[in-house]
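Participant: The listed protein sequences derive, respectively, from chains G and Z.
At position 203 of the first sequence (counting the first as 1) the number is 203 in the numbering used here, and the numbers step up by one without a gap.
To convert a position in the second sequence, counted from 1, into the numbering used here, add 339.
Take a look at this one; I'll ask things after.
Protein chains: 2
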Amino acid sequence: MPEGSFSQPVTIAIDAMSGDRGAAIVVAAALSAVQENRALSLILVGFRSELEALLRSGHPRIRIVEAADVVRMNERPSHALRHKRNSSMAVALTLVRDGEAGGCVSAGNTGALMAFGRSIIHMYPGIERPAIAKLIPSLRGHCHVLDLGANVDSSAENLYQYALMGSLMASAISDQAEPRVALLNVGEEEIKGNEQVRLASHMLAQSESLNYIGYVEGSDLFRDVADVVVCDGFVGNIALKTGEGVAGVLIELLEQAFSKGLYGRLAGWLTRPIIGRVLRLMDPSRHNGASFLGLQGVVIKSHGNANERAMLAAIRQAVREVQLDVPQRINERLDELML
Amino acid sequence: MPEGSFSQPVTIAIDAMSGDRGAAIVVAAALSAVQENRALSLILVGFRSELEALLRSGHPRIRIVEAADVVRMNERPSHALRHKRNSSMAVALTLVRDGEAGGCVSAGNTGALMAFGRSIIHMYPGIERPAIAKLIPSLRGHCHVLDLGANVDSSAENLYQYALMGSLMASAISDQAEPRVALLNVGEEEIKGNEQVRLASHMLAQSESLNYIGYVEGSDLFRDVADVVVCDGFVGNIALKTGEGVAGVLIELLEQAFSKGLYGRLAGWLTRPIIGRVLRLMDPSRHNGASFLGLQGVVIKSHGNANERAMLAAIRQAVREVQLDVPQRINERLDELML
């Protein structure tokens with residue numbers, strides 16, 4: 001990450017109404033975010049009266065922009081697109097398009113966010129569909145995984161484009177010159193997988209601009225064998241949520257063990273400093289915030305049920321991508337690669 | 340589980356040559372298995388001289404059946420089917436068909452095991468494709484998940500049939516009268532998912548013989564919200580391996596933390612009795628052994644790289660299914676359901 005970049009002023013718009021847990025979580029996270037980062041200004045988009053009440057005395061670097069409507073979690077994206085132009089989600093995206101915010105964060109309906117994103121912010125020329133990308137922690141580093149749910153029926157061509165965008169994103173965010181790009185599959189042998197994946201592998205193997213290393217399996221996601229792992233959104237979403245589920249259950253069981261009886265509590269007290277890093281690594285709320293890759297702007301999708309810490313993590317992710325100028329850097333190189 | 344069932348004699352055939360780690364692991368697991376279960380006899384299928392050398396003085400309830408060939412891990416199933424009729428895998432399946440063994444275990448090539456299974460043992464009438472099913476541990480119980488990789492392009496009809504078989508399997512193995520059956524999807528709302536999943540959901544909702552509860556997400560697999568979770572094999576395989584990957588990384592990190600310095604080792608020594616249950620719950624080698632559902636016989640697939648403990652777990656799974664007469668019980672009820 002370039003030095004000194006954190007003094008560069010950044011404004012992020014936040015869709016304050018769309019999450020499962022209501023605006024209070026968002027406002028609390030917003031206040032924490034501006035407190036920890038003096039270069040950051042925030043625009044909270046939503047019902048002014050509700051947000052003003054939650055903000056109380058307010059903050060000089062947080063302002064409110066009114067939006068009269070909210071996209072519901074189970075609303076059809078096509079319905080939202082037609083009827084919810086005044087929603088907190090659409091207004092937040094419009095602030096990005098108009099340059100009033102460098103990027104935005106929403107915990108709302110993923111499909112609607114994608115539909116509004118494509119319609120308001122537009123995509124890179126030549127890219128068919130946006131993909132949701134996330135940096136997930138691994139044993140010794142991290143790995144960019146995409147698509148995590150923007151598209152549930154990706155073609156080989158789509159997978160190929162995700163690989164291009166993911167590689168450029170890894171270069172921009174993690175400062176890797178030639179990120180190792182892999183396809184997620186049910187085995188490492190060439191004969192494995194469905195038709196789309198096998199065809200995408202063939203296309204990637206032909207590409208001279210990508211460092212394509214072949215197939216990886218689900219268990220490899222955390223083993224630092226690839227920097228970018230590409231898959232269909234249906235597969236990626238379920239895989240990631242399964243991984244988060246395992247981590248969640250493990251943390252819950254450990255907490256239970258450390259709260260039972262005197263011995264358990266003593267062991268917990270002694271152990272917590274030792275295994276704190278492990279618990280943090282696996283805590284999904286510390287890794288919240290996925291990027292809509294393919295849009296010409298920074299759009300960060302938060303978990304719908306994000307708590308305050310998770311929402312703060314998503315805001316930080318938006319700040320990072322704006323400061324690193326990720327969309328612009330991808331756009332420039334995509335032009336070369338797709339010539 | 341019916342009382343006293345464990346005294347009923349059982350014979351299991353083991354494909355001793357196909358795993359990644361060689362026959363020594365299999366022989367060691369076989370010896371442990373016959374020692375812990377006096378009702379169990381085993382047939383090791385493979386190269387007689389190699390197996391005899393590994394068995395040393397032998398065991399009265401372990402015998403060897405010669406097979407001259409081995410299916411390779413990266414061999415095309417169609418190639419194996421044509422050229423490897425004398426492989427340890429094919430011979431083990433033939434022993435099941437001929438009634439010499441009640442069931443069999445293989446750690447070999449999944450595609451070849453499916454191809455040989457369909458060709459040698461045959462399927463339930465009306466079932467289009469077999470599915471790989473596994474009992475995975477959850478917070479308070481467990482959950483049957485299928486398909487885990489037999490088919491990478493399941494149609495809605497396939498998913499519907501997996502649901503039928505999975506429900507009957509849960510009834511037979513876990514003694515549940517009306518197992519809760521769910522489809523794995525990227526969200527719980529009706530509009531989510533790809534076409535196959537949405538259509539399968541419609542079919543399942545019509546069925547009166549199934550207790551269909553709708554969609555669940557990856558994170559729900561461990562939260563006891565369903566007894567049977569149905570998905571395409573590509574999705575299921577990647578989800579499960581991702582979950583195992585997370586658990587593996589967590590266990591590795593905990594072990595590291597507990598081996599560093601005096602304080603770490605002390606904390607580990609104090610903590611191990613407390614979190615032992617957690618570590619065991621997440622240890623993939625304790626949950627090895629997936630069932631080929633749809634075949635008229637017990638065929639258990641072990642992880643290719645199973646260690647001795649994992650292979651032992653797979654043998655136990657085969658014994659359990661034979662003693663509970665799972666294929667027969669599924670077959671009887673399928674007949675009713677598919678009338």
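Ideal Cβ positions, reconstructed from N, Cα and C, are used throughout, including at glycine.
Does the Cβ of residue 20(G) have 16 or more other Cβ atoms within 10 Å, making it buried, or fewer, making it exposed?
Facilitator: Result: exposed.
Participant: Is DSSP giving residue 211(G) helix, strand or coil here?
Facilitator: Residue 211(G): strand per DSSP, three-state reduction.
Participant: Alpha helix (DSSP H) containing residue 234(G): first to last residue?
Facilitator: 233 to 257 is the span of the alpha helix (DSSP H), which, as asked, contains residue 234(G).
Participant: Among 428(Z), 453(Z), 458(Z), 476(Z), which one has its Cα closest to the Cα of residue 469(Z)?
Facilitator: Selected option, being the one with the closest Cα: 453(Z).
Participant: Applying the criterion that 16 or more other CB atoms from any shown protein chain within 10 Å of the CB defines a buried residue, is residue 183(G) buried or exposed?
Facilitator: So residue 183(G) ends up on the buried side.
Participant: Taking the C-alpha atoms as reference points, what is the distance between residue 567(Z) and residue 551(Z)?
Facilitator: Going from the Cα of residue 567(Z) to the Cα of residue 551(Z) covers about 9 Å.
Participant: Note down the Cα distance separating residue 2(G) from residue 284(G), rounded to an integer number of angstroms.
Facilitator: Here residue 2(G) scores only 42 on pLDDT, less than 50, and its place in the model is too uncertain to base an answer on.
Participant: Would you mind sorting residue 217(G) into buried or exposed? The rule is 16 or more other CB atoms within 10 Å of its CB.
Facilitator: By the neighbour-count rule (16 or more Cβ atoms within 10 Å), residue 217(G) is buried.
Participant: Which one of 291(G), 39(G), 85(G), 306(G) has the shortest CA to CA distance from residue 342(G)?
Facilitator: Here chain G covers residues 1 to 339 and nothing more, so residue 342(G) does not appear.
Participant: Are the C-beta of residue 219(G) and some C-beta of chain Z separated by less than 8 Å?
Facilitator: Closer than 8 Å to some Cβ of chain Z, the Cβ of residue 219(G) qualifies, so yes.
Participant: Is residue 344(Z) close to chain G, meaning its C-beta is less than 8 Å from at least one C-beta of that chain?
Facilitator: Interpretation of residue 344(Z) is limited by its pLDDT of 47, a score under 50 that renders its predicted location unreliable; the figure taken from the coordinates is listed afterwards. No, residue 344(Z) lies away from the interface with chain G (no Cβ there is under 8 Å from its Cβ).
Participant: Would residue 471(Z) and residue 451(Z) qualify as a contact pair, given that the criterion is a beta-carbon distance under 8 Å?
Facilitator: No; because the gap between Cβ atoms is not below 8 Å, this pair is not in contact.
Participant: So residue 101(G) and residue 160(G) are in contact, right, with Cβ under 8 Å, and what is the actual spacing, rounded?
Facilitator: With a Cβ gap of about 31 Å, residue 101(G) and residue 160(G) do not count as contacting.
Participant: In this structure, how does DSSP classify residue 664(Z) when only helix, strand and coil are distinguished?
Facilitator: Correct three-state label for residue 664(Z): coil.
Participant: Curious, which full-length alpha helix (DSSP H) runs of at least 4 residues does the stretch 89 to 134 of chain G contain?
Facilitator: As far as the stretch 89 to 134 of chain G is concerned, its whole alpha helix (DSSP H) runs of at least 4 residues are 110 to 116.
Participant: Measuring straight from C-alpha to C-alpha, what distance separates residue 420(Z) and residue 187(G)?
Facilitator: When rounded, the distance between both Cα atoms is 20 Å.
Participant: In chain order, which alpha helix (DSSP H) runs of at least 4 residues are fully inside the stretch 16 to 50 of chain G?
Facilitator: Runs found: 23 to 36.
Participant: By how many angstroms is the C-alpha of residue 625(Z) removed from the C-alpha of residue 650(Z)?
Facilitator: Rounded to the nearest angstrom, the two C-alpha atoms are 9 Å apart.
Participant: Which residue from 461(Z), 438(Z), 474(Z) puts its Cα closest to that of residue 653(Z)?
Facilitator: Residue 474(Z) is the option with its Cα nearest to residue 653(Z).
Participant: Below 7 Å CB to CB, which residues in the same chain sit around residue 658(Z) once its five sequence neighbours on both sides are set aside?
Facilitator: Same-chain partners within the cutoff: 349, 351, 376, 379.
Participant: So that I know if they touch, is there some Cβ in chain Z lying closer than 8 Å to that of residue 116(G)?
Facilitator: Not one chain Z Cβ lies under 8 Å of residue 116(G).
Participant: What are the residues of the stretch 569 to 587 of chain Z that lie near chain G, defined by any Cβ-Cβ distance shorter than 9 Å?
Facilitator: Hits within the stretch, in order: 570, 571, 572, 573, 574, 575, 576, 577, 578, 579, 580, 581, 582, 583, 584, 585, 586, 587.
Participant: To the nearest angstrom, report how far apart residue 307(G) and residue 332(G) are at their CA atoms.
Facilitator: Spanning the two alpha carbons is a distance of roughly 36 Å.
Participant: Using only alpha-carbon positions, find the residue among 545(Z), 444(Z), 549(Z), 476(Z) that is nearest to residue 583(Z).
Facilitator: If we check each option's Cα against that of residue 583(Z), 476(Z) comes out closest.
Participant: Which residues in chain G have a C-beta closer than 7 Å to the C-beta of residue 596(Z)? List them in chain order.
Facilitator: Neighbours of residue 596(Z) on chain G, chain order: 274, 275, 278.
Participant: Give me, in chain order, the residues of the same chain whose beta-carbon lies closer than 7 Å to that of residue 405(Z); leave out the 5 immediate sequence neighbours on both sides.
Facilitator: Within the same chain, residue 405(Z) has close Cβ partners 387.
Participant: I'd like to know if residue 408(Z) contacts chain G, where contact means its C-beta is closer than 8 Å to some C-beta of that chain.
Facilitator: No - not a single Cβ of chain G is within 8 Å of the one on residue 408(Z).
Participant: Within the 8 Å Cβ cut-off, does residue 194(G) reach chain Z?
Facilitator: Interface residue, yes.
Participant: Quick one: residues in its chain with C-beta nearer than 6 Å to the C-beta of residue 170(G), no 5 flanking neighbours on either side, listed in chain order?
Facilitator: Contacts found: 144, 176, 179, 227, 228.
Participant: Using the DSSP secondary-structure output, state which residues sit across from residue 405(Z) in a beta bridge.
Facilitator: For residue 405(Z), which the question treats as bridged, DSSP gives the partners 385(Z).
Participant: Measure from the C-beta of residue 606(Z) to each C-beta in chain G and report whether the shortest distance is under 8 Å.
Facilitator: Taking Cβ atoms only, chain G reaches closer than 8 Å to residue 606(Z), which makes this a yes.
Participant: Exposed or buried, which one is residue 426(Z) when buried takes at least 16 other CB atoms within 10 Å?
Facilitator: Buried is the call here.
Participant: Is residue 489(Z) helix, strand or coil by DSSP?
Facilitator: If DSSP states are grouped into helix, strand and coil, residue 489(Z) belongs with coil.
Participant: Got a sec: is the Cβ-Cβ distance from residue 222(G) to anything in chain Z below 8 Å?
Facilitator: It does: the Cβ of residue 222(G) has a partner Cβ on chain Z nearer than 8 Å.
Participant: Identify which residue in 613(Z), 460(Z), 564(Z) has its Cα closest to the Cα of residue 666(Z).
Facilitator: Ranking the options by Cα distance to residue 666(Z), first place goes to 460(Z).
Participant: Between the Cα of residue 656(Z) and those of 512(Z), 355(Z), 597(Z), spot the shortest distance and give me the residue it belongs to.
Facilitator: Nearest C-alpha to residue 656(Z): 512(Z).
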